[in-house]
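2 protein chains.
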Amino acid sequence: MKTYLDCIPCFFKQAIRAAKILNIDELKTKKLLDELGLLINQMPLESTPPELGRIIYGKIRDLTGNPDPYKNLKQKDIKEALRLYPNIKELISRSVDPLMTAIKVAIAGNSIDFAIDTDCDIEDELNKTLKQQFAINNFGQFKYYLNNTYEILYIGDNAGESVFDKILIEQLNKPTIYVVREIPVINDVTYQDAIDSGLGDVATIVSSGSDAPGLVLKTCSNEFLKIYENSKFIISKGQGNYEALSDEKKNIFFLLKAKCPVIVRDLDVSVGDIIFKGINAE
Amino acid sequence: MKTYLDCIPCFFKQAIRAAKILNIDELKTKKLLDELGLLINQMPLESTPPELGRIIYGKIRDLTGNPDPYKNLKQKDIKEALRLYPNIKELISRSVDPLMTAIKVAIAGNSIDFAIDTDCDIEDELNKTLKQQFAINNFGQFKYYLNNTYEILYIGDNAGESVFDKILIEQLNKPTIYVVREIPVINDVTYQDAIDSGLGDVATIVSSGSDAPGLVLKTCSNEFLKIYENSKFIISKGQGNYEALSDEKKNIFFLLKAKCPVIVRDLDVSVGDIIFKGINAE
Numbered sequence: 044m045k046t047y048l049d050c051i052p053c054f055f056k057q058a059i060r061a062a063k064i065l066n067i068d069e070l071k072t073k074k075l076l077d078e079l080g081l082l083i084n085q086m087p088l089e090s091t092p093p094e095l096g097r098i099i100y101g102k103i104r105d106l107t108g109n110p111d112p113y114k115n116l117k118q119k120d121i122k123e124a125l126r127l128y129p130n131i132k133e134l135i136s137r138s139v140d141p142l143m144t145a146i147k148v149a150i151a152g153n154s155i156d157f158a159i160d161t162d163c164d165i166e167d168e169l170n171k172t173l174k175q176q177f178a179i180n181n182f183g184q185f186k187y188y189l190n191n192t193y194e195i196l197y198i199g200d201n202a203g204e205s206v207f208d209k210i211l212i213e214q215l216n217k218p219t220i221y222v223v224r225e226i227p228v229i230n231d232v233t234y235q236d237a238i239d240s241g242l243g244d245v246a247t248i249v250s251s252g253s254d255a256p257g258l259v260l261k262t263c264s265n266e267f268l269k270i271y272e273n274s275k276f277i278i279s280k281g282q283g284n285y286e287a288l289s290d291e292k293k294n295i296f297f298l299l300k301a302k303c304p305v306i307v308r309d310l311d312v313s314v315g316d317i318i319f320k321g322i323n324a325e
Numbered sequence: 044m045k046t047y048l049d050c051i052p053c054f055f056k057q058a059i060r061a062a063k064i065l066n067i068d069e070l071k072t073k074k075l076l077d078e079l080g081l082l083i084n085q086m087p088l089e090s091t092p093p094e095l096g097r098i099i100y101g102k103i104r105d106l107t108g109n110p111d112p113y114k115n116l117k118q119k120d121i122k123e124a125l126r127l128y129p130n131i132k133e134l135i136s137r138s139v140d141p142l143m144t145a146i147k148v149a150i151a152g153n154s155i156d157f158a159i160d161t162d163c164d165i166e167d168e169l170n171k172t173l174k175q176q177f178a179i180n181n182f183g184q185f186k187y188y189l190n191n192t193y194e195i196l197y198i199g200d201n202a203g204e205s206v207f208d209k210i211l212i213e214q215l216n217k218p219t220i221y222v223v224r225e226i227p228v229i230n231d232v233t234y235q236d237a238i239d240s241g242l243g244d245v246a247t248i249v250s251s252g253s254d255a256p257g258l259v260l261k262t263c264s265n266e267f268l269k270i271y272e273n274s275k276f277i278i279s280k281g282q283g284n285y286e287a288l289s290d291e292k293k294n295i296f297f298l299l300k301a302k303c304p305v306i307v308r309d310l311d312v313s314v315g316d317i318i319f320k321g322i323n324a325e
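Note that the protein sequences, when read in sequence, are chains A and B.
Throughout, my numbering is defined as the position within the first sequence, counted from one, plus 43.
Throughout, my numbering is defined as the position within the second sequence, counted from one, plus 43.
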């Protein structure tokens with residue numbers, strides 16, 4: 044997905060929000076915005092939003108001098124999601140369509156997103172999402188491709204959400220590579236977060252090699268790109284990965300909650316809608 | 044009022060909104076945002092918001108090659124306000140407190156503000172405002188200072204609103220200098236707009252010499268600054284003038300509708316509240 048004009052004020056809002064969460068003072072935050080301002084003209088609209096996001100959150104890391112400024116928040120969310128894990132497993136086992144329920148659970152986890160909002164009650168969000176209808180639903184197509192694949196490439200998004208990804212991977216029950224960010228960016232899931240979420244028990248955890256808040260391929264490692272190129276069936280979680288991959292020609296199923304006006308316009312849906320959209324290689 | 048961090052993303056949003064209204068294409072708008080980005084680091088938070096607003100809207104003027112890009116919209120609003128004029132005069136003459144009603148009418152006119160929103164039904168806004176309670180109401184203080192002044196300096200804000208200013212000036216019934224912007228900026232009232240609004244019949248119309256969307260004194264002419272310094276009783280309309288003058292040490296009464304989160308925080312009120320706030324020379 045290209046960057047829309049409306050993304051530009053939003054980058055500044057995200058930087059201010061991140062600075063608030065991390066207790067960065069007003070003058071330092073202003074300096075961050077000054078630096079962002081200087082970058083705008085180096086960022087054509089043809090770039091995807093996570094490409095600039097990568098630069099913003101890199102600058103925030105530099106400014107705090109903390110390589111993982113959201114660590115405590117991520118650990119809190121993973122802990123809360125793990126607390127809910129047994130009940131969700133029980134719920135899925137009793138449901139009429141366990142795979143569909145597990146997909147909705149994985150999407151509910153996508154509400155844990157600090158780029159958009161820090162106040163999210165995971166349990167509330169879960170109950171709401173389970174009752175919600177999809178605005179885009181390519182479940183039939185998903186099941187067809189799933190039946191014909193040996194292996195799944197699953198691109199993670201946020202920490203905490205990762206526990207719900209584990210639940211979906213358990214339900215899919217196929218060899219899975221779970222992709223994490225190379226280093227911490229916002230609250231996105233890293234190798235350690237994936238381990239803490241229990242993903243090591245159900246998937247091979249692999250770093251994309253990238254520090255962007257979305258799978259921006261040109262920032263990924265060659266090792267990862269080989270895996271990506273060979274994969275025939277991809278599940279991509281969240282907005283950032285959608286923004287980075289929506290123009291690819293591969294079998295990708297995007298699971299996300301539409302949270303911003305730009306995504307909403309791109310997908311022709313409403314804010315808060317849940318999306319299960321497939322694109323394919325043909 | 045100082046510039047808050049939250050004003051910075053809003054400057055970009057305002058530029059995008061203005062570009063949309065003026066049918067500036069996406070690439071040219073991006074170029075405008077690029078240029079804005081380069082200015083952020085030259086704008087300390089100690090500046091008032093209209094100081095940067097002045098630069099933004101100057102750039103928009105340059106980009107369109109049109110010295111008065113909002114001309115048609117301004118004329119439409121003046122025409123609509125003039126259509127309502129006889130009924131409003133009738134309403135005021137029948138009201139229990141004609142001065143208070145005229146003040147509310149003048150504030151209702153402040154809803155005509157293209158920096159914030161272009162969709163405003165003036166008549167609806169008027170009816171709503173007349174029923175509304177003030178969040179800050181210094182009417183008692185206002186009447187005291189009014190009784191003790193010979194002359195009024197009245198700082199206009201938007202075109203269209205200017206017709207409602209005329210109604211308040213008629214009600215105040217004292218020699219009045221009505222201050223307009225030197226050249227068009229957004230839909231702010233200029234000399235010609237004031238003439239078209241009928242203000243020539245009730246006030247001496249004077250240019251501030253400034254092209255900022257708020258009375259930024261350092262951008263005003265020496266001629267105007269002499270008038271300002273000698274004035275003992277000032278009425279200031281709207282957000283932009285409030286932002287520029289709120290730290291002055293003079294008898295100023297601010298009439299405005301609080302439209303943005305930053306003003307709301309500065310005044311400790313809610314979005315949509317109507318404000319009648321006096322500051323004074325002592």
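Note that CB positions come from ideal geometry on N, CA and C, so glycine has one too.
Keep in mind the model is a prediction, meaning the values are calculated, not measured.
Quick one: using the 10 Å Cβ neighbour count with 16 as the cut-off for buried, is residue i buried or exposed?
i         : result
Leu-70/B  : exposed
Lys-117/B : buried
Ser-136/A : exposed
Lys-147/B : buried
Thr-144/A : buried
Asp-105/B : exposed
Glu-133/B : exposed
Gln-282/B : buried
Glu-286/B : buried
Arg-224/A : buried
Helix or strand or just coil, what does DSSP make of residue i?
i         : result
Ile-146/B : helix
Ser-136/B : helix
Gln-226/A : The sequence shown places Ile at residue 226/A, rather than the Gln named in the question. Ile-226/A: coil per DSSP, three-state reduction.
Asp-231/A : strand
Lys-117/B : helix
Leu-196/B : strand
Asn-323/A : coil
Ile-155/A : coil
Ser-279/B : strand
Ala-178/A : strand
Tyr-221/A : strand
Asn-201/B : strand
Would you verify that the beta carbon of residue i is, or is not, closer than 9 Å to some beta carbon of chain C?
i        : result
Lys-73/A : Here chain C cannot be found, since the structure's protein chains are A and B.
Please report how far the alpha carbon of residue i lies from the alpha carbon of residue j, in whole angstroms.
i         : j         : result
Asp-140/B : Ala-178/B : 19 Å
Ser-253/A : Lys-73/B  : 27 Å
Asn-130/B : Ser-313/A : 42 Å
Phe-267/B : Asp-316/B : 31 Å
Leu-31/A  : Tyr-197/A : Absent from the model: residue 31/A. The displayed extent of chain A is 44 to 325, so no value can be given.
Lys-261/A : Asn-84/A  : 20 Å
Ile-226/B : Thr-233/B : 6 Å
Ile-248/A : Ala-202/A : 14 Å
Pro-52/A  : Ala-61/A  : 14 Å
Asp-236/B : Asn-265/B : 23 Å
Asp-200/A : Lys-280/A : 6 Å
Glu-166/A : Val-206/A : 13 Å
Glu-204/B : Asn-181/B : 21 Å
Ser-240/A : Leu-142/A : 20 Å
Leu-189/A : Phe-54/A  : 36 Å
Lys-302/A : Arg-308/A : 11 Å
At what residues does the alpha helix (DSSP H) containing residue i begin and finish?
i         : result
Thr-107/B : 92-107
Gly-80/B  : 69-82
Ala-4/A   : The question about residue 4/A has no answer here: the residues shown for chain A are numbered 44 through 325.
Leu-260/A : Run containing Leu-260/A: none; DSSP gives neither H nor E here.
Leu-268/A : 265-273
Pro-304/A : 304-310
Hey, quick one: how far does the beta strand (DSSP E) through residue i stretch, first residue to last?
i         : result
Ser-250/A : 247-250
Lys-300/B : 295-300
Does the Cβ of residue i lie closer than 8 Å to at least one heavy atom of the ligand ADP?
i        : result
Ala-58/A : As for the ligand ADP, it is missing from this structure, which has no ligand bound.
Residues of the segment 95-106 of chain B whose Cβ lies closer than 9 Å to any Cβ of chain A, in chain order
Result list empty, no residue passes.
Taking any Cβ of chain A, which residues in the segment 179-197 of chain B have a Cβ under 9 Å from it, in chain order?
Answer set for the segment 179-197 of chain B: empty.
Select from the segment 264-289 of chain B all residues with a C-beta closer than 9 Å to any C-beta belonging to chain A, and list them in chain order.
Within the segment 264-289 of chain B, no residue qualifies.
The segment 214-242 of chain B: positions lying closer than 8 Å to chain A by Cβ
From the segment 214-242 of chain B, no residue has a Cβ closer than 8 Å to chain A.
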